[in-house]
Amino acid sequence: GAGVSQSPRYKVAKRGQDVALRCDPISGHVSLFWYQQALGQGPEFLTYFQNEAQLDKSGLPSDRFFAERPEGSVSTLKIQRTQQEDSAVYLCASSLYGSNTGELFFGEGSRLTVL
Amino acid sequence: GENVEQHPSTLSVQEGDSAVIKCTYSDSASNYFPWYKQELGKGPQLIIDIRSNVGEKKDQRIAVTLNKTAKHFSLHITETQPEDSAVYFCAASKNSGYALNFGKGTSLLVTP
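Those protein sequence lines, which keep their order, are chains X and H. The first sequence lines up with residues -15 to 99 when you count with the working numbering. The second sequence lines up with residues 70 to 181 when you count with the working numbering.
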């Protein structure tokens, strides 16, 4: 595709439900990132993949958050037992290169609302 | 970890005026400083970036300056247009390209 594609764009979950958010990066991009953006705030780093390897998951807020990129392209961010504080926009970004430099191309995000 | 402070949080200018947004960072090891523009309902889009071996960079109406000693960098937009209205984020990273630490954003409004 022409850009980073995320789905669903909007997700409403009841507290305690599990959710899965999908990211299709730009074809051929080596690096993939997940960020969390709370209302009125800047994006906060969650995790980083280089191809299928998860090189940094230091930003994941709890063990309820899990991300994978099994074939080095599509990635899924899974949130188990959602809580109200998980409500945010989840942004995926990809970059052509595996290290240093490389513009990050962001998707439009998945807005999660936990009731 | 890295802490990025951004000011002002809101900025209103008249069309044709200049706009300046300032950011400070805490980690002296940071070496990559991008600026992103985010329109409502969209993801952030890179508009300009600067690396620590450069003091200033310009691209048409947009310029960024970096003062490593003081650990601050600024975005300058000249001849503002209504379509410049958006939220602007600065960011810093010591491993260029990932683990970006973002400021809280500046909501810029350009009025005709």
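Glycine residues also receive a C-beta, built at the ideal position from the N, C-alpha and C atoms. Just so you know, these numbers come straight off a predicted model, no measurement behind them.
Check                                                                                                                                                                     : Outcome
I need the straight-line Cα distance from K41/X to Y32/X, nearest angstrom please.                                                                                        : 6 Å
Once DSSP output is grouped into helix, strand and coil, what is the label at D8/X?                                                                                       : strand
Quick one: is F171/H near chain X, going by C-beta distance under 8 Å?                                                                                                    : yes
Can you name the residues of chain X whose CB is closer than 7 Å to the CB of A168/H?                                                                                     : F29, Y32, D40
Taking T97/X as the reference, give the member of Q67/X, S79/X, L39/X with the closest Cα.                                                                                : Q67/X
Exposed or buried, T180/H, counting other C-beta atoms within 10 Å across all chains shown (16 or more means buried)?                                                     : exposed
Since I believe A22/X is in contact with T60/X (beta carbons under 8 Å), could you give me their beta-carbon distance rounded to a whole number of angstroms?             : Not really, about 21 Å apart at Cβ, beyond 8 Å.
Would you check if the region -14 to 6 of chain X and the region 76 to 87 of chain H touch, i.e. whether three or more CB-CB distances between them fall below 8 Å?       : no
Excluding the 5 residues preceding and the 5 following K91/H in the sequence, name in chain order all residues of the same chain whose CB lies nearer than 7 Å to its CB. : H76, H141, S143
Tell me, to the nearest whole angstrom, how far the beta carbon of G112/H is from that of G93/X; I am working on the premise that it is less than 8 Å.                    : 6 Å
Going along chain X in order, which residues have a C-beta closer than 9 Å to the C-beta of G85/H?                                                                        : Those within 9 Å of G85/H in chain X number zero; the least Cβ separation is about 28 Å.
Got a sec: is the Cβ-Cβ distance from E92/X to anything in chain H below 8 Å?                                                                                             : yes
Between the region 70 to 80 of chain X and the region 14 to 28 of chain X, do three or more beta carbon pairs fall short of 8 Å?                                          : yes
Helix, strand or coil for P77/H? Go by DSSP, reduced to three states.                                                                                                     : coil
If you run the structure through DSSP and keep just helix, strand and coil, what is P103/H?                                                                               : strand
Looking at I117/H and G131/H, is the spacing between their C-beta atoms short of 8 Å?                                                                                     : Sequence inspection shows Ile at residue 131/H; the Gly mentioned does not correspond to that position. Yes.
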